[in-house]
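Colleague:
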Amino acid sequence: MKFFSTEILHPLSRVLSKSSLYKPGTLELRRYDNREMYITNCSPVNGEAALLFGSFTPPDDSLFGTLLAAHTLKKEGAKSVLAILPFAAYTRHDKVKSGLSLTTAWVGSLAKASGIDTIITIDLHSEHDRELMPVELVSLSPAPLFGEEIRKKNWTDATLVAPDNGAIPRCEAVARALQSANPVAYFKKERTPDGVTVHDLVGEVGKRCVLIDDQLDTGATLLQACRQLQDKGVEEILIMVTHGLFTGEAWKELKDVGVQEIIVTDTLAPRTNMPWVSVISVAPLLGQALKEYVETN
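The working numbering runs 622 ahead of the 1-based position in the sequence shown.
1) Can you tell me which of the three DSSP states S763 falls into?
2) Determine the direct distance from the alpha carbon of A671 to that of W777, and round the result to whole angstroms.
3) Here's a check: name, in chain order, each residue in its chain whose Cβ is nearer than 8 Å to the Cβ of K810, leaving out the five neighbours to either side.
4) Can you tell me the Cα-Cα spacing of L800 and L762, whole angstroms?
5) Please report the residue range of the beta strand (DSSP E) in which F626 lies.
6) Report all residues from its chain with a CB closer than 8 Å to the CB of T843; omit the five preceding and five following residues, and keep chain order.
7) Tell me which residue opens and which closes the alpha helix (DSSP H) that C607 is part of.
8) Suppose the cutoff is 8 Å on Cβ atoms and the five residues either side in sequence are ignored; what does the same chain contact list for A765 look like?
9) Do you know whose CA, among V783, E629, K696, V879, lies nearest G828's CA?
10) Under the rule that 16 or more other beta-carbon atoms within 10 Å means buried, what is V718, buried or exposed?
11) When DSSP builds the beta bridges, which residues end up paired with Q837?
12) For the beta strand (DSSP E) containing T781, name the first residue and the last one.
13) Count the CB pairs spanning the region 676-688 and the region 706-714 that are closer than 8 Å, and state whether there are at least three.
14) Touch check for the region 883-897 and the region 857-875: three-plus C-beta pairs under 8 Å?
15) To the nearest whole angstrom, what separates the beta carbons of V916 and L643, a pair I think is in contact under 8 Å?
16) Quick one: give me the first and last residue of the alpha helix (DSSP H) that A711 is part of.
17) I'd like to know whether the C-beta atoms of L759 and L767 end up nearer to each other than 8 Å.
18) Under 8 Å, do I902 and I885 count as touching if we go by C-beta distance?
19) Are there 16 or more other CB atoms within 10 angstroms of the CB of G855, so buried, or fewer, so exposed?
20) Tell whether a beta-carbon distance below 8 Å holds between M659 and L685.
21) Could you tell me whether the Cβ atoms of L754 and T726 are closer together than 8 Å?
22) Just how far apart, CA to CA, sit S723 and C831?
23) Suppose only complete runs of 3+ residues qualify. What are the beta strand (DSSP E) ranges in the region 667-734, listed by chain order?
24) In angstroms with no decimal places, state the Cα-to-Cα distance between G737 and E858.
25) Just checking my contact of H750 with D716 at CB under 8 Å: how many whole Å lie between their CB atoms?
26) When the distance is taken between beta carbons, is T648 closer than 8 Å to S635?
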């Protein structure tokens with residue numbers, strides 16, 4: 623079994639490549655003068671299982687490079703390709719609507735056609751994604767990591783809050799990790815032509831709250847939730863999200879609405895150096911998952 627990577631500069635790739643569970647493999651992504659991409663210097667992999675650390679995250683060179691690497695590994699005789707995608711981009715594009723692309727299904731079809739057999743990711747956006755992607759999906763929960771951080775920071779008395787219905791299972795998973803019997807609170811979220819609206823907090827909250835979600839993109843939903851929590855008398859807020867995209871500038875306003883700290887995992891390479899944003903590593907989760915995969919393949 624060999625480990626390959628199209629994202630050699632990603633901190634997680636560097637950590638995982640040093641494992642003694644598998645042999646290191648090499649491949650190089652290059653471009654011709656006309657900008658067409660190709661792969662060269664691929665290590666022999668005939669008859670072996672290949673572990674491929676890659677990314678589907680924009681810019682789309684990452685998606686194309688990862689798919690091309692998987693195809694090359696299969697072309698070179700790899701008996702299977704396990705793609706390690708800490709952040710599975712495009713999995714939010716799963717709504718079946720007239721006139722709208724179903725991008726999650728499209729990316730899944732590309733993954734299968736490129737020879738990917740299994741994808742390991744962290745905190746898959748929704749279970750519906752499994753129905754749309756024709757490859758095996760293994761989603762690892764960051765709940766144990768979040769629970770540990772909450773204990774370290776002595777925030778176990780805080781109310782766990784989901785910014786929308788979709789985040790309720792994530793909050794409940796963290797509550798289980800904390801062995802907390804306290805019910806989680808959640809907001810209702812509505813999508814309108816003018817954007818997303820967060821309203822109608824369900825459940826009781828105390829003076830401190832921990833908002834938990836899978837992504838911090840622009841921060842618009844979290845901003846609305848924090849403002850409403852302040853209106854309910856909440857004084858301190860901790861935000862814990864799996865994937866920190868930090869798009870645009872609006873998310874920086876979270877510091878002004880009671881947020882003490884934002885904690886993200888390292889599924890994405892760091893996108894901000896703000897002192898009130900902390901990063902915890904999912905390397906232990908991925909390391910254990912790969913250990914189990916190696917032992918059974």
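Even glycine gets a Cβ: it sits at the ideal position worked out from N, Cα and C.
Modeller: Let me lay it out:
1) Working through the sequence shown from its first residue, we reach residue 763 at position 141. Coil, per DSSP.
2) Here the question's residue 777 lines up with position 155 in the sequence shown. Here the question's residue 671 lines up with position 49 in the sequence shown. In this structure, the straight-line span from the alpha carbon of W777 to that of A671 is close to 43 Å.
3) As a working mapping, residue 810 is identified with position 188 in the sequence shown. Excluding sequence neighbours, K810 sits near D786, N787, V820, H821, D822, V824.
4) By 1-based counting over the sequence shown, the position of residue 800 is 178. By 1-based counting over the sequence shown, the position of residue 762 is 140. Just so you know, the alpha carbons of L800 and L762 end up roughly 17 Å apart.
5) Sequence index remark: in the sequence shown, residue 626 carries index 4 (1-based). Per DSSP, F626 belongs to the beta strand (DSSP E) from 624-627.
6) Against the sequence shown, residue 843 aligns to sequence position 221. P785, D786, K811, V818, V820, D835, listed in sequence order.
7) The requested residue 607 is not part of the displayed model; the chain covers only 623 to 919.
8) Here residue 765 refers to the residue found at position 143 of the sequence shown. R792, A795, V796, R798, A799.
9) For the purposes of this step, residue 828 is taken as residue 206 along the sequence shown, with counting starting at 1. When V783, E629, K696, V879 are compared, the shortest CA-CA separation from G828 is found for V783.
10) To locate residue 718, count along the sequence shown from 1; it is residue 96. The residue in question, V718, is exposed, as its Cβ has fewer than 16 Cβ neighbours within 10 Å.
11) Here the question's residue 837 lines up with position 215 in the sequence shown. When DSSP reads this structure, Q837 sits in a beta bridge with H865.
12) By one-based count along the sequence shown, residue 781 stands at place 159. For T781, the enclosing beta strand (DSSP E) stretches over residues 781-784.
13) The region 676-688 vs the region 706-714: in contact.
14) Between the region 883-897 and the region 857-875, the count of Cβ pairs shorter than 8 Å is three or higher; the stretches touch.
15) Here residue 916 refers to the residue found at position 294 when the sequence shown is read from its first residue. Here residue 643 refers to the residue found at position 21 when the sequence shown is read from its first residue. Yes, V916 and L643 are in contact; Cβ-Cβ is about 5 Å, under 8 Å.
16) Counting from 1 along the sequence shown, the entry for residue 711 is found at position 89. For A711, there is no enclosing alpha helix (DSSP H), as DSSP marks it with neither H nor E.
17) For the purposes of this step, residue 759 is taken as residue 137 along the sequence shown, with counting starting at 1. For the purposes of this step, residue 767 is taken as residue 145 along the sequence shown, with counting starting at 1. The Cβ atoms of L759 and L767 do not sit closer than 8 Å to each other.
18) Your numbering for residue 902 matches position 280 in the sequence shown. Your numbering for residue 885 matches position 263 in the sequence shown. Less than 8 Å divides the Cβ of I902 from the Cβ of I885.
19) Taking the first residue of the sequence shown as 1, we reach residue 855 at position 233. Label assigned to G855: exposed.
20) Within the sequence shown, residue 659 is the residue found at index 37, counting from 1. Within the sequence shown, residue 685 is the residue found at index 63, counting from 1. Contact: no.
21) Within the sequence shown, residue 754 is the residue found at index 132, counting from 1. Within the sequence shown, residue 726 is the residue found at index 104, counting from 1. In this structure, the beta-carbon distance from L754 to T726 falls below 8 Å.
22) Position 101 of the sequence shown, counting from 1, holds the residue named residue 723. Position 209 of the sequence shown, counting from 1, holds the residue named residue 831. In this structure, the CA atom of S723 is about 37 Å from the CA atom of C831.
23) Counting only runs of 3 or more, we get 671-675, 702-706.
24) In the sequence shown, residue 737 corresponds to position 115, counting from 1. In the sequence shown, residue 858 corresponds to position 236, counting from 1. Spanning the two alpha carbons is a distance of roughly 48 Å.
25) Residue 750 sits at position 128 when you count from the first residue of the sequence shown. Residue 716 sits at position 94 when you count from the first residue of the sequence shown. Indeed they touch by this definition, with Cβ atoms about 5 Å apart.
26) Stepping through the sequence shown from its first residue, residue 635 is reached at position 13. Stepping through the sequence shown from its first residue, residue 648 is reached at position 26. The answer is no: Cβ separation not under 8 Å.
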